[in-house]
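Structure record follows, encoded as structure tokens.
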Amino acid sequence: CLAKRESIDLDTLPAKLKINVQLNGRSMKLYGYCGIYNLEEDDVNVSTMIDRAKLAEESILHDHVLPYAFFDDSMRRGYMDRVELLAEYETALQNEEFKVYYQPVVEAATGNLVSAEALVRWIHPQRGMVSPAVFIPALESSGQISRLDWYVAEHVYKTILRSYRENFPMVPVSVNLSWMDFYDDSLMDDLMDIFQACVDGTLDQVDVKWKSGAACCIVLASGGYPVEYKKGYPISGLEEAGKSAVVFHAG
Numbered sequence: 237c238l239a240k241r242e243s244i245d246l247d248t249l250p251a252k253l254k255i256n257v258q259l260n261g262r263s264m265k266l267y268g269y270c271g272i273y274n275l276e277e278d279d280v281n282v283s284t285m286i287d288r289a290k291l292a293e294e295s296i297l298h299d300h301v302l303p304y305a306f307f308d309d310s311m312r313r314g315y316m317d318r319v320e321l322l323a324e325y326e327t328a329l330q331n332e333e334f335k336v337y338y339q340p341v342v343e344a345a346t347g348n349l350v351s352a353e354a355l356v357r358w359i360h361p362q363r364g365m366v367s368p369a370v371f372i373p374a375l376e377s378s379g380q381i382s383r384l385d386w387y388v389a390e391h392v393y394k395t396i397l398r399s400y401r402e403n404f405p406m407v408p409v410s411v412n413l414s415w416m417d418f419y420d421d422s423l424m425d426d427l428m429d430i431f432q433a434c435v436d437g438t439l440d441q442v443d444v445k446w447k448s449g450a451a452c453c454i455v456l457a458s459g460g461y462p463v464e465y466k467k468g469y470p471i472s473g474l475e476e477a478g479k480s481a482v483v484f485h486a487g
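Per this note's numbering, the sequence shown starts with residue 237, numbered consecutively.
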């Protein structure tokens, strides 16, 4: 809506954006967010005004400090950066501009490496390193994050296989999955297909173990077990039954 600046009371606005609702005998609190664009240019059309107010609103959707924000030019620049990065995303995947790094987890008592977490970084040919805080939300909001998650998983598999063949020490490696991936019914099948494509017969068979929990584990077992993937089972935690594992979890 259009309003005069003097009619907007920022002191009372937060309270107005909190509403108590009674529904079926239950009390619920609804929280609103407000994006504000100050009209400073005479030639701005209504559609542009609304777009800029929406950009301001989107900038605080996960902010619990203030429920309102004013549009500024940094929001427009950030939006244009996201649009440009999304346009370059497919080419970046093909050129392997995304690099996988491994953050070690070390046992304090012994100093031994016990596991690692796979982290992805975009090394852009012009921009340099692009922060995950920029490209991951952009990929999630556009529904394209799963391609990157599978890309990372494939690189992790190849690293583990190379370690196995060259007799390097093997430790569990966790791979972060977006919450959006779990809305894809074929996610686990796709991950298993990628994993199987990396198994060439010199590696022991894959044994998939399940138990209640919140992460899925593919255990590289030593006993030559057959591949067993049970659709419909809960995504689960690591079973103490293998040499090494790729652990998927949603962050």
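Note that CB positions come from ideal geometry on N, CA and C, so glycine has one too. Keep in mind that this is a model prediction, so the values were computed, not measured.
For residue i, does the three-state DSSP call read helix, strand or coil?
i           : result
residue 237 : coil
residue 255 : strand
residue 198 : Residue 198 lies beyond the residue range present for the chain, which begins at 237 and ends at 487; the question has no answer from this structure.
residue 359 : strand
residue 449 : Reliability fails at residue 449, whose pLDDT of 34 lies under 50, so the model's placement of it is uncertain and no value is given.
residue 437 : Below a pLDDT of 50, predicted positions are generally treated as unreliable, and residue 437, at 42, falls in that range; the measurement from the model is reported next regardless. Coil.
residue 349 : strand
residue 279 : coil
residue 297 : coil
residue 247 : coil
residue 242 : helix
residue 470 : Model confidence at residue 470 stands at a pLDDT of 36, short of 50, so the residue's coordinates are unreliable and nothing is read from them.
List the endpoints of the continuous alpha helix (DSSP H) containing residue i.
i           : result
residue 382 : 381–401
residue 314 : 309–330
residue 292 : 282–294
residue 376 : 368–377
Out of the options, which one is the CA nearest neighbour of residue i?
i           : options            : result
residue 273 : 240, 302, 250      : 240
residue 237 : 267, 271, 248, 342 : 271
residue 294 : 280, 315, 277, 276 : 315
residue 379 : 426, 265, 311, 418 : 418
residue 353 : 407, 331, 375      : 407
residue 388 : 399, 412, 323      : 412
residue 392 : 264, 339, 248, 301 : 339
residue 488 : 386, 313, 280      : Nothing can be reported for residue 488, as the shown portion of the chain is limited to 237 through 487.
residue 306 : 282, 287, 381, 369 : 287
residue 331 : 262, 351, 312, 361 : 361
residue 322 : 401, 343, 376, 310 : 376
residue 374 : 416, 283, 244      : 416
residue 382 : 410, 402, 420      : 420
residue 290 : 301, 278, 312      : 312
residue 329 : 390, 243, 396      : 390
residue 370 : 283, 325, 301      : 325
residue 367 : 427, 400, 317      : 317
Our contact map puts residue i next to residue j with C-beta atoms below 8 Å; I'd like the distance itself, whole angstroms only.
i           : j           : result
residue 359 : residue 365 : 6 Å
residue 235 : residue 285 : The displayed coordinates of the chain run from 237 to 487. Any statement about residue 235 would go beyond what the structure contains.
residue 356 : residue 349 : Their Cβ separation, rounded to whole angstroms, is 20 Å, which puts residue 356 and residue 349 out of contact at 8 Å.
residue 253 : residue 303 : 5 Å
residue 521 : residue 351 : Residue 521 falls outside the range modelled here, since the chain spans only 237 to 487, and no answer is possible.
residue 266 : residue 334 : In fact, because the Cβ distance is near 39 Å, the residues do not count as touching under 8 Å.
Who are residue i's beta bridge partners in DSSP?
i           : result
residue 305 : 271
residue 338 : 354
residue 407 : In DSSP, residue 407 forms no bridge with anything.
residue 424 : None, per the DSSP bridge assignment.
residue 364 : 360
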